[in-house]
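The listed protein sequences correspond, in order, to chains A and B. Mapping the first sequence onto the numbering used here, position 90 (from 1) lands on 837, and the numbers just tick up by one. Mapping the second sequence onto the numbering used here, position 77 (from 1) lands on 824, and the numbers just tick up by one. Backbone N, C-alpha and C fix where the C-beta goes; we use that ideal spot for every residue, glycine too. The model shown is predicted, which means the values in this text are computed figures rather than measured ones.
2 protein chains.
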Amino acid sequence: MPNPPTIKEIAKRLNLAASTVSRALHNHPRIGLKTRMQVQALARELQYEPNQTAIFFQQKKTFTLGIVLPELSEAFFSAAISGIEDTANKSNYMVLLGQSHDDATREQKIVEIMKNHRVDGLLVSLAKNTVHYAHFEMLRKYNIPVVFFDRIPDMKDIHYVASNMESGTIQAVSFLLQQGHRVIGMINGPEKLIASRQRTTGYRKAMQQQRLKYDATLNVHSDLTKEGTRQAMQQLLSNKRKITAVVAFNDYVSQDAVQYAAEQGIQINKDICFVSYANLPLSSYMAYPPLASVEQYPYLQGQKATEILLDLLSGKLAPDAYQQIVVDSRLVIAPGK
Amino acid sequence: MPNPPTIKEIAKRLNLAASTVSRALHNHPRIGLKTRMQVQALARELQYEPNQTAIFFQQKKTFTLGIVLPELSEAFFSAAISGIEDTANKSNYMVLLGQSHDDATREQKIVEIMKNHRVDGLLVSLAKNTVHYAHFEMLRKYNIPVVFFDRIPDMKDIHYVASNMESGTIQAVSFLLQQGHRVIGMINGPEKLIASRQRTTGYRKAMQQQRLKYDATLNVHSDLTKEGTRQAMQQLLSNKRKITAVVAFNDYVSQDAVQYAAEQGIQINKDICFVSYANLPLSSYMAYPPLASVEQYPYLQGQKATEILLDLLSGKLAPDAYQQIVVDSRLVIAPGK
DNA sequence: CTGTTAGCGCCTTCAA
DNA sequence: TTGAAGGCGCTAACAG
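Below is the structure:
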């Protein structure tokens, strides 16, 4: 019930100045050994704990990182946040969470609030429909550094960590080619997404490497809804050429496509093989786990993004030394395939 | 680059006292209309934003709730946190995150740090191996209220929200009995868990209701590892009586048991039906989705726990008016079953 | 080595 | 209706 002990309280009891106590507590070099001891002993006795809010205020620093991301229920993000949290904690930072639920307006509000809470820095993965970046630009004025990860804006002069879908896609398509597949369908995402374009490029390059012709009609787009994916799969199935393999935008898309194909009487992994991008956990429990899967290393991405942010905060990195890290995605072949 | 504008700054420019500006900004009643306007206009112009850290310090309140939970990658918790965040945000609270990764020591540290960050209150779901609650007891001294959810401690005088597994279990077993099953196995969790005991009780009661005898040898325990579950399933299969249905502790356990059974040549959902507790997303993509599943309403639990905490903080609820909310779990039958 | 002073930005008395 | 003063807890600059 009595108010928590303060530095002043300790000072009074010991007939010292508050500043002396402060110094003693911080093991300041030029403080007498015995005063230091006295102070620390009394502090322990009173269970003194510095009032962080006072320190935050005074130091203009809150040791808090804001995290803005679309959805924690997506496995990718819940893995990423562990990378973030673990890294932040190591440097004594805490983590303030805000989910945009893929809503640009909400994202904007969260950023605003976090700015007001005076977070030291921000880690952001964009909402699906974010097209204006003013709320991020504004943070420069407040000297709040931002590092984007995974879903990054189409802007110059930013820090980011993202995975390059190209490398994984090349590997995936090459893997299929090597298995003898020649007509490979791709269910891609919305055309404007960078990640979709990377997949397309990867697909082309893999074909080129084998001096095969790239057939644009085999690269179809889904809006990532179940229905959109089913239509995309339908489109592939009605192609003049008979596909024997599909590279799907992600595991959800893959599963929807698989379901549709199965309904059409197609033998999964026999008539048509599926390869996908890993974002579902427990694929070992799935009815038709993909043959192989492109891993995006979410934990690592979270970790790297946080390291950059911390370096920015500690001054180890200049604000305009823009870090743009690309984590190569990599094909992981399902065990036994 | 110029420091963010302060109340003082505005005051100086307008030849007013800081206190007047403060009042004008807050629409204090007895402030002249035109001064109010002037102040607000200039504030807008300078893009004045109150310095929250100063306010936190001065008001001894941070509008921040700490959340301590085991693992966001568990679907239950990522759903729960959305309930928490949404509810908190509605009352202008932010959310500070800490994952214990099911490590009691880490949990303790997180609580300590959150206390120092002066969170206004705490929402906690315990680590698996937490047995001492001293770090929570201590919070009373600091007047930081705690509401536990889902994984709650075995203590008197706490606030909590948890689901009662009993009701759902009764429904699950009754459902199976109704379908004609007479020898029903249960793969339960560690015996000391409250949730395990509730399942046992539910099982018993459902049998009693039909004047059937409860057979303890059909209620086996898994330590929740894959291996433990396989052993448990093995134990059930070697029971003298031939089981035709299994109630599994959760979806993970269910899937492991299913895998093991399938390996033994058992026809899933034909020789043996499985019923489980919902914590896996996308069960529609699973090879053998459970026939029915006990829903635990994680979003709702998060929401209710947060409402209690907010009421505690607003004084609407007395600290010692211990809220102990039980959210009844409910059997959800898979579509078409 | 230690004390004094001052100030971070805001709000809340108490006075005028 | 407004101003002046004081203080939240801590640190840092400047004195001794």
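For Tyr889/B, the number of other beta carbons within 10 angstroms of its own is below 16, and it is reported as exposed. Around the beta carbon of Val878/A, fewer than 16 other beta carbons lie within 10 angstroms, which makes this residue exposed. Assigned with DSSP and collapsed to three states, Ile905/A falls in coil, not helix or strand.
C-alpha of Phe823/B to C-alpha of Val894/B: approximately 17 Å in a straight line.
Rounded to whole angstroms, the Cβ separation of Gly1049/A and Ile857/A is 18 Å, and the two are not in contact under 8 Å. Going by DSSP, Val866/A is part of no alpha helix (DSSP H) at all; its letter is neither H nor E. Distances from the CA of Leu1060/A to each of Thr916/A, Phe810/A, Arg777/A, Phe883/A were compared; the closest alpha carbon is that of Phe810/A. For Ala788/A and Ile802/A, the gap between their C-alpha atoms comes out near 22 Å. Taking C-beta atoms as the reference points, Thr991/A and Cys1020/A count as a pair closer than 8 Å.
The criterion of a C-beta distance shorter than 8 Å is not satisfied by Glu756/B and Leu844/A.
Counting C-beta atoms within 10 angstroms of its own C-beta, Lys862/A has 16 or more neighbours from the protein chains shown and is therefore classed as buried. Around the beta carbon of Asn997/A, a 10 Å sphere encloses 16 or more other beta carbons of the protein chains shown; the residue is thus reported as buried. In the same chain as Tyr1069/B, and ignoring 5 residues on each side of it, the C-beta atoms closer than 7 Å to its own belong to Asp904, Ile905, His906, in chain order. Val1041/B is a Cβ neighbour of Ser1076/B, given a cutoff of 8 Å. In the three-state scheme derived from DSSP, where H, G and I count as helix and E and B as strand, Val1041/B is classed as strand. Taking the CA atoms as reference points, His848/B sits about 16 Å from Met841/A.
Partner residues in a beta bridge of Gln957/A, as assigned by DSSP, do not exist.
Non-local beta-carbon contacts of Lys952/B in its own chain, meaning distances under 6 Å to residues more than five positions away in sequence, involve Ile917 in chain order.
For the region 829–860 of chain A, the set of positions with a beta-carbon nearer than 7 Å to some beta-carbon of chain B reads Ser829, Glu832, Met841, Val842, Leu843, Leu844, Gln846, Ile860 in chain order. Around the C-beta of His864/A, 16 or more other C-beta atoms lie within 10 Å, and the residue is accordingly described as buried. With respect to the 8 Å criterion, Val930/B and Lys875/B are not classified as neighbours on the basis of their beta carbons. With at least 16 other beta carbons inside 10 angstroms of its own, Asp1003/A counts as buried. Judged by beta-carbon spacing, Val1079/A lies beyond the 8 Å limit of Asn911/A, meaning their Cβ atoms are not closer than that value. Distance from the CA atom of Thr964/B to the CA atom of Gln982/B, rounded to whole angstroms, is 9 Å. Comparing C-alpha distances from Gly1012/B to each of Val1000/B, Leu984/B, Met784/B, Val871/B shows the shortest one belongs to Leu984/B. Using beta-carbon distances, Tyr889/B counts as an interface residue toward chain A, with a partner under 8 Å.
One thing to note: Ile934/A has its Cβ within 8 Å of the Cβ of Ala995/A.
Boundaries of the alpha helix (DSSP H) around Phe922/A: 912–925. Excluding its 5 nearest sequence neighbours in each direction, Met954/B has C-beta neighbours in its own chain below 6 Å: Tyr961, listed in chain order. Membership of Phe824/A in the alpha helix (DSSP H) is indicated by the continuous run 822–837. In the DSSP annotation of this structure, Val967/A is not part of any alpha helix (DSSP H); the continuous beta strand (DSSP E) holding it starts and ends at 966–968. Shown here, Gln1071/B sits in a strand according to DSSP, grouped into three states.
Ala992/A carries a strand assignment under DSSP once its states are collapsed to helix, strand and coil.
Residue environment analysis places Lys1051/B among the buried positions, since at least 16 neighbouring C-beta atoms fall within 10 angstroms of its C-beta.
In the structure shown, Val893/B falls within a strand segment according to DSSP collapsed to helix, strand and coil. For Leu819/A, the residues of chain B that pass the 8 Å Cβ criterion are Leu819, Ser825, Ile828, Ser829, in the order they occur in the chain.
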